[in-house]
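Report on one structure; see the data block that follows.
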Amino acid sequence: MQNADVARYFEDLADLLEIQNANPFRVRAYRNAARTIANLTESVAHISTNPDQKLTDFPGIGKVLAEKLDTIVETGSLPQLDELREQIPAGVVQMLRLPGIGPKKVSILFNDLSVTSLHELQQAAENGSVAALKGFGKKTEQIILEGIPQVAEADKRFHIDKAKAEADAVVEDLLKLASVTQASVAGSCRRCRETVGDLDVLATSTDSPEVMNRLASHERVEQVLARGGTKQRVWLRSGLEMDLRVVPDESYGAALQYFTGSKEHNIVIRRRAQERGFKLNEYGLFRDDELVAGRTEEEVYAAVGLPWIPPELRENRGEIELAEQHQLPNLIEVNDIRGDLHMHTTATDGTATILEMAQAAKSRGLKYIAITDHSKRVTMAHGLDASRLRKHWKEIDKIRGKISGIEILCGIECDILEDATMDLPDDVLSEADWVIAVLHYGLKQPRDQINKRLLNAIRCPHVSAIGHLTGRLVGRRRGADLDIEEIFRAAADHGVMLEINAHPSRLDLDDVHAAAARDLGIPIVINTDAHSTNGLDVMQYGVFQARRAGLEKKDVANTRTFAQFRKLLRHK
DNA sequence: GCCGTTTTCGGCCCGACTGTTTTCAGTCG
157 MQNADVARYF
167 EDLADLLEIQ
177 NANPFRVRAY
187 RNAARTIANL
197 TESVAHISTN
207 PDQKLTDFPG
217 IGKVLAEKLD
227 TIVETGSLPQ
237 LDELREQIPA
247 GVVQMLRLPG
257 IGPKKVSILF
267 NDLSVTSLHE
277 LQQAAENGSV
287 AALKGFGKKT
297 EQIILEGIPQ
307 VAEADKRFHI
317 DKAKAEADAV
327 VEDLLKLASV
337 TQASVAGSCR
347 RCRETVGDLD
357 VLATSTDSPE
367 VMNRLASHER
377 VEQVLARGGT
387 KQRVWLRSGL
397 EMDLRVVPDE
407 SYGAALQYFT
417 GSKEHNIVIR
427 RRAQERGFKL
437 NEYGLFRDDE
447 LVAGRTEEEV
457 YAAVGLPWIP
467 PELRENRGEI
477 ELAEQHQLPN
487 LIEVNDIRGD
497 LHMHTTATDG
507 TATILEMAQA
517 AKSRGLKYIA
527 ITDHSKRVTM
537 AHGLDASRLR
547 KHWKEIDKIR
557 GKISGIEILC
567 GIECDILEDA
577 TMDLPDDVLS
587 EADWVIAVLH
597 YGLKQPRDQI
607 NKRLLNAIRC
617 PHVSAIGHLT
627 GRLVGRRRGA
637 DLDIEEIFRA
647 AADHGVMLEI
657 NAHPSRLDLD
667 DVHAAAARDL
677 GIPIVINTDA
687 HSTNGLDVMQ
697 YGVFQARRAG
707 LEKKDVANTR
717 TFAQFRKLLR
727 HK
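Each number in the working numbering comes from the position in the first sequence (counting from 1) with 156 added on.
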């Protein structure tokens with residue numbers, strides 16, 4: 157059982173307890189524990205059965221929750237959860253996803269109206285019985301009727317690239333206003349999460365209504381959902397929701413800190429403020445009613461005894477402790493990247509030639525690239541067999557003479573087949589400068605077989621790196637089930653690098669896996685997997701992911717010079 | 001339900017906005 161599955165038990169339990177009107181702090185305890193588990197690099201099943209380790213050593217897991225985890229690992233179920241599910245139908249839990257409807261209202265709908273599904277809820281709203289409930293009204297009825305089709309729709313979260321583009325465009329326009337001195341995106345977008353549910357934008361202005369009006373009439377805005385004196389919520393044409401907050405200049409740092417989150421990070425920061433006799437809110441840090449800090453984020457962190465913490469790390473996953481000890485990592489930056497070791501050309505499913513890719517890479521400041529077209533198993537992309545690949549490499553060799561200032565490696569993205577053999581024979585792979593081995597097919601095979609495939613690839617002496625390890629697609633497809641610890645140990649033993657695939661729909665390794673790989677000393681490469689010249693521009697998202705994992709320049713192999721990078725290759 | 005360099009009990013972040021109220025609870029971030 158994967159940690160994500162175990163975490164799910166506690167998340168479901170928290171939802172159900174909330175509807176039952178349980179103690180909110182008890183509910184939070186379950187959610188915190190779920191988060192801890194989802195962020196673990198070791199499997200809970202392993203820790204639970206290992207006599208040398210204690211689950212209670214992990215934050216937010218006490219005696220009670222540790223016992224429940226043991227039960228889940230041992231039996232694959234949790235009696236308490238089963239009981240609650242019998243009392244509260246799944247359709248009732250689904251109502252929690254309606255915007256504007258929380259556990260209290262869901263509880264009333266279920267207990268007083270006996271609705272047990274979105275369908276029944278719609279009928280109840282249409283015949284007026286929802287509006288007649290105490291605490292409900294015409295507006296609530298309308299919110300429910302509008303929300304039901306939205307819930308039925310798929311996940312509302314957007315990939316980071318799209319979210320960031322939307323936010324940047326609006327921020328840029330707000331900054332053009334005379335009254336606006338500072339503006340920034342905040343929230344999960346500023347933390348560079350893989351996906352963003354909605355956008356938070358912050359601005360300082362002497363004329364709040366001007367800013368609000370500008371956003372309300374912005375060409376990207378479809379509809380204004382709510383508007384007060386300093387806060388406005390709009391729905392963008394792209395489908396994203398955006399919150400705008402306007403604060404005075406002297407509050408900008410406090411507001412930016414506050415709205416960047418994460419919620420979990422902020423809870424700890426606020427507690428630190430409290431312990432020091434302050435009150436921290438989005439307007440600043442106050443002693444009694446006197447503003448002590450708030451103009452910059454640095455001021456706010458300094459007031460609670462910490463250096464500034466990069467937004468990507470603000471998840472309460474240990475960054476506050478590191479900051480306290482002045483051991484925050486010096487995070488890798490986009491400009492540190494010197495090479496890109498995964499890209500395609502017209503030889504398979506790319507849209508640009510070798511020369512065009514090399515020129516585009518050079519113009520983006522890269523010093524070396526690897527051309528890695530598909531191997532033959534990927535028939536849809538017209539993957540290369542041995543003879544076409546050798547011709548392709550000769551072609552690359554010719555191009556080397558036509559462009560200076562950038563090194564080009566003869567590479568291949570070689571499929572690891574379902575039977576755990578490589579898609580191309582050893583003698584061909586041995587001629588490559590760079591082999592990136594990947595799973596494309598049979599991702600649903602059982603864990604043992606997936607592991608066997610990856611371990612075989614890692615042991616193959618010609619393989620340089622494993623690309624997009626799990627094969628997951630962000631928000632669309634879960635990755636293959638694999639034993640991360642075993643794979644990582646093997647990669648460390650054999651000197652095989654692991655890729656952070658920078659494409660916003662992959663970002664694989666994820667942040668948790670990348671941190672675990674780094675801890676084992678495995679060199680990480682961040683690659684674009686570009687299928688066009690513009691595809692090279694996604695490098696930044698891979699770097700964001702690396703930053704979220706706390707990686708430094710030295711942890712990432714393709715920040716090295718070409719000469720240094722070559723030395724990392726185990727067999728060349 | 002978790003947690004503890006004053007604590008094993010009594011805390012657990014804090015404010016804006018909305019809708020349904022006639023002073024506030026619920027929801028959200």
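Every residue gets a Cβ at the ideal spot worked out from N, C-alpha and C, and that includes glycine.
Everything numeric in this text was worked out from a predicted model, so none of it was measured.
Where residue 200 and residue 226 are concerned, what is the direct C-alpha to C-alpha distance, given to the nearest angstrom?
Near 9 Å, if we compare the C-alpha coordinates of residue 226 and residue 200.
Please report the straight-line C-alpha distance between residue 611 and residue 207, rounded to a whole angstrom.
Straight across, the Cα-Cα distance linking residue 611 with residue 207 is about 27 Å.
Contacting residues, own chain, Cβ-Cβ under 7 Å from residue 307 (five flanking each side not counted)
Residues 250, 253, 254, 274 of the same chain have their beta carbon placed closer than 7 Å to that of residue 307, with the five preceding and five following residues left out of the count.
When you compare only the Cα positions, how much space is there between residue 658 and residue 514?
Each residue's Cα considered, the two are about 18 Å apart.
Measuring CA to CA, which of 358, 353, 420 is closest to residue 391?
For the set 358, 353, 420, the Cα lying nearest the Cα of residue 391 is the one of 353.
For the candidate residues 301, 278, 211, 177, whose alpha-carbon lies nearest to that of residue 258?
Its Cα nearest to that of residue 258, the residue 177 stands out among 301, 278, 211, 177.
Which of helix, strand or coil DSSP assigns to residue 419:
Helix.
Are there three or more Cβ pairs, one per stretch, closer than 8 Å when the stretch 479 to 491 is compared with the stretch 458 to 470?
Yes: the two stretches touch, three or more of their Cβ pairs being nearer than 8 Å.
Is the CB-CB distance between residue 345 and residue 355 below 8 Å?
Contact flag set, yes.
For residue 767, which residues in the same chain have their Cβ closer than 7 Å to its Cβ, ignoring the five residues on either side in sequence?
Here the chain has residues from 157 to 728 only, and residue 767 is not among them.
The beta strand (DSSP E) that contains residue 567, what's its start and end?
Looking at the DSSP string, the run of the beta strand (DSSP E) that includes residue 567 is 563 to 571.
Is residue 271 helix, strand or coil by DSSP?
Coil, per DSSP.
Between residue 264 and residue 240, how many whole angstroms is the CB-CB distance? I'm expecting something under 8 Å.
Wrong, their Cβ atoms sit about 18 Å apart, outside the cutoff.
Look at residue 256 and residue 303 and say whether their C-beta atoms are less than 8 Å apart.
Their beta carbons are under 8 Å apart, which means residue 256 touches residue 303 by this criterion.
So what does residue 524 bridge to, in DSSP terms?
As a beta-bridge residue in DSSP terms, residue 524 pairs with 495, 563.
Indicate the three-state DSSP secondary structure (helix, strand or coil) for residue 172 in the structure shown.
In the three-state scheme derived from DSSP, where H, G and I count as helix and E and B as strand, residue 172 is classed as helix.
Assign residue 254 to one of three DSSP states: helix, strand, or coil.
The answer is coil: DSSP assigns residue 254 none of H, G, I, E or B.
Between residue 236 and residue 169, is the Cβ-Cβ spacing less than 8 Å?
In this structure, the beta-carbon distance from residue 236 to residue 169 falls below 8 Å.
Do you know how far the Cα of residue 663 is from the Cα of residue 163?
So the alpha carbons of these two residues sit roughly 21 Å apart.
Only counting the same chain, and skipping five residues up and downstream in sequence, which positions put a Cβ closer than 6 Å to that of residue 698?
Cβ neighbours of residue 698 beyond the five flanking positions: 656, 658, 682.
Determine the burial state of residue 679: buried for a count of at least 16 other Cβ atoms within 10 Å of its Cβ, exposed for fewer.
Residue 679 is buried by the Cβ-count criterion.
For residue 640 and residue 526, the rounded distance between their alpha carbons:
Between residue 526 and residue 640, the C-alpha separation is close to 26 Å.
Alpha-carbon spacing of residue 184 relative to residue 203, whole angstroms:
If I take the Cα positions, the gap works out to 23 Å.
Helix, strand or coil for residue 549, going by three-state DSSP, please let me know.
Residue 549 falls in the helix class under three-state DSSP.
Between the CA atoms of residue 563 and residue 732 - distance to the nearest angstrom
The structure shown does not extend to residue 732, since the chain spans only 157 to 728, so no value can be given for it.
In the DSSP assignment, what residue or residues form a beta bridge with residue 530?
Its beta-bridge partners are 569.
In chain order, what residues of the same chain lie with their CB nearer than 6 Å to the CB of residue 166, ignoring the 5 residues before and after it?
Same-chain partners within the cutoff: 186, 189, 190.
Could you spell out the range, first to last residue, of the alpha helix (DSSP H) harbouring residue 614?
603 to 615 is the span of the alpha helix (DSSP H), which, as asked, contains residue 614.
Per DSSP, cross-strand counterpart(s) of residue 315:
Answer by DSSP bridge pairing, in chain order: 351.
Taking DSSP as the reference, what is the three-state secondary structure of residue 504?
DSSP, reduced to helix, strand and coil, places residue 504 outside both helices and strands of the structure shown, so it counts as coil.
Please say whether residue 472 and residue 418 have beta carbons closer to each other than 8 Å?
Taking 8 Å as the Cβ cut-off, residue 418 and residue 472 qualify as a contacting pair.
Taking all protein chains shown into account, do 16 or more other C-beta atoms lie within 10 angstroms of the C-beta of residue 728, making it buried, or fewer, making it exposed?
For residue 728, the pLDDT reaches just 47, beneath the cut-off of 50, and the residue's location in the model is therefore unreliable, although a value from the coordinates is still provided. Result: exposed.
Neighbourhood of residue 508 by C-beta distance below 8 Å, restricted to the same chain and skipping five residues each side
Sequence-distant Cβ neighbours of residue 508 in its own chain, meaning closer than 8 Å and more than five residues away, are 501, 502, 516, 688, 689.
Using a 10 Å radius around the Cβ and a threshold of 16 neighbouring Cβ atoms, would you call residue 482 buried or exposed?
Looking at its Cβ environment, which holds fewer than 16 other Cβ atoms inside 10 Å, residue 482 is exposed.
Among 211, 474, 317, which residue has its Cα nearest to the Cα of residue 661?
That would be 317, whose Cα lies nearest to the Cα of residue 661.
Endpoints, alpha helix (DSSP H) assigned at residue 558:
It is not in any alpha helix (DSSP H) - residue 558 carries neither H nor E in the DSSP assignment.
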